[in-house]
Every structure is written in structure tokens, then in C-alpha cells.
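Residue numbers (this note's numbering): 1019 to 1243.
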């Protein structure tokens, strides 16, 4: 039985059939700021959870960072690998589900980021499993960056039963509507978001709101183990 959060696979397939990418090929500004603030050495291994088509992972690989990128979508992983190969980048990419699978195939990383990933998980139980797996692959005193859509004040969950329903979505490149699966989305307020992070053992170092061109209003959290 397909999981509601796997609907993103069909979205990527549809967009790629049109010869397009779902996201602009630009890095997340909050990620670049986090790397700069922490002065992350380029020889330190970094893990991305939820790489999508690789806009962040490929950018960091071009800058010389040691990146391992993962996603639950086969289609997204294939596109990320394709872009990396075309640009002759040293980038390891593979598929994994951070909700249902203990990440025994991964060693621990000192630096991890997950951008626009947690907000696709609607069920609190799924969110907790995802966070536990993140916690387990983070080294002691390692650093984690989370960026998710939300204003920190309001809460909203889509109906996971409607994740595969077709809806009209406008593509950024040509502003034409495309019939795509609705997928899933959840936003928490700051109080409940911090609670879920601390409940699995994370230390919250800093949290704040931003606005970017990718997700509009964002909730950014710096964490450590």
C-alpha cells in the first residue's frame, strides 16, 4: 500500500515528463547562511535528507563540500544523479525512507540538513519517527538545520487521504497550470514544533522565521545533539 507522503514521486514524474524541474535550480539561502555561521569545513561530511532534484546538494558539491544526499522518491534521486553526472560532481545520492526505515546503512554525520521535508509529514507518529531517525544519524554534538514552510503561529494539516487527488498547480517556469497530485502538508506553530523536536532529544539552539522564494514563509531551526 502506497504511503501518503510518497505522492511526491508522481509529482516529480509528471513534471520531468514535461522536460521541466519542479524547483528552481537555486540553493536555499537559509542553508548557505547556516553553513557560513558554523564555518563548516569543506572536508566534513554533510548529509541532506530530502534532496529532491538536488538544487542544494549539487550547489554545495560544486562549492567543494562533501555531500551525501537522500530522498524517498526514485524519480527525484534519478534526476539528482543526472544533474550531478552532467556537472561532473562528486555526489553520493540514494533512496531511503526516513520514516519507516531505521538508517542502519548510514554512518553518523556531524552536519545534517532537511529542507521542506518534515512539513510533508501529516501524522504526528510519522513526524516523530522521522525525527528519531535524524537524531540517530547525527553525531554527538553534531548540528542539524531544519527549514519548513509555516509562519509559526497557525497550524494546518492537509487530508492525507487526498494526497493522490489531482489538482491544478502553476509551474514557475511558464506559469501554466499542470494537473498534479495534491501531495501532503503540515505546519505546526512554534510551541508545538519545538516540543516535538525536544521530545526526541534535540537541543534547540535557535529558531526564527524567514521568507524565501521557494516556500514563502519559513520556520528555521538550528539544532544539536
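Here a beta-carbon is modelled for each residue, glycine too, at the ideal position from N, C-alpha and C.
Quick caveat, the model's predicted, so the values are computed rather than measured.
Distances from the alpha-carbon of residue 1193 to those of 1206, 1143, 1040, 1216 put 1040 closest.
7 Å or more divides the Cβ of residue 1162 from the Cβ of residue 1117. Here residue 1160 is not near residue 1205, since their CB atoms are 7 Å or more apart.
According to the DSSP assignment, residue 1079 belongs to the alpha helix (DSSP H) that extends over 1073 to 1080. Note that the C-beta distance between residue 1032 and residue 1184 is not below 7 Å.
Assigned with DSSP and collapsed to three states, residue 1137 falls in helix.
Annotation note: the segment 1126 to 1184 contains the following uninterrupted alpha helix (DSSP H) runs of length 4 or greater, listed N- to C-terminal: 1142 to 1155. For residue 1158, same chain residues with a beta-carbon under 6 Å away, outside a window of 5 residues either side, are 1243 in chain order. Just measuring C-alpha positions, the residue of 1138, 1220, 1057 sitting nearest residue 1070 is 1138. Judged by beta-carbon spacing, residue 1196 lies beyond the 7 Å limit of residue 1212, meaning their Cβ atoms are not closer than that value.
Counting only residues of its own chain and dropping the five nearest sequence neighbours on each side, residue 1091 has a CB closer than 7 Å to the CB of 1026, 1027, 1030. Only exposed fits residue 1055, as fewer than 16 other CB atoms lie within 10 angstroms of its CB. Using a 10 angstroms sphere on the CB of residue 1166, the tally of other CB atoms reaches 16 or more, which defines it as buried.
Excluding sequence positions up to five before and after residue 1178, its CB lies within less than 6 Å of the CB of 1022, 1140, 1202, all in the same chain and listed in chain order. In this structure the segment 1122 to 1132 does not touch the segment 1099 to 1108; the number of beta carbon pairs closer than 8 Å is below three. Among the bridge pairs identified by DSSP, residue 1105 is matched with none. A Cβ-Cβ contact shorter than 7 Å links residue 1109 with residue 1079. The C-beta distance from residue 1164 to residue 1132 rounds to 6 Å, short enough to meet the 8 Å contact threshold.
One thing to note: residue 1200 has its Cβ within 7 Å of the Cβ of residue 1180. Setting aside the 5 residues that flank it on each side, residue 1228 is surrounded in the same chain by 1048, 1236, 1238, each with a C-beta closer than 7 Å to its C-beta; the list follows chain order.
Counting other Cβ atoms within 10 Å of its Cβ, residue 1072 reaches 16 or more and is therefore classed as buried. Annotated three-state conformation of residue 1090 is coil, per DSSP.
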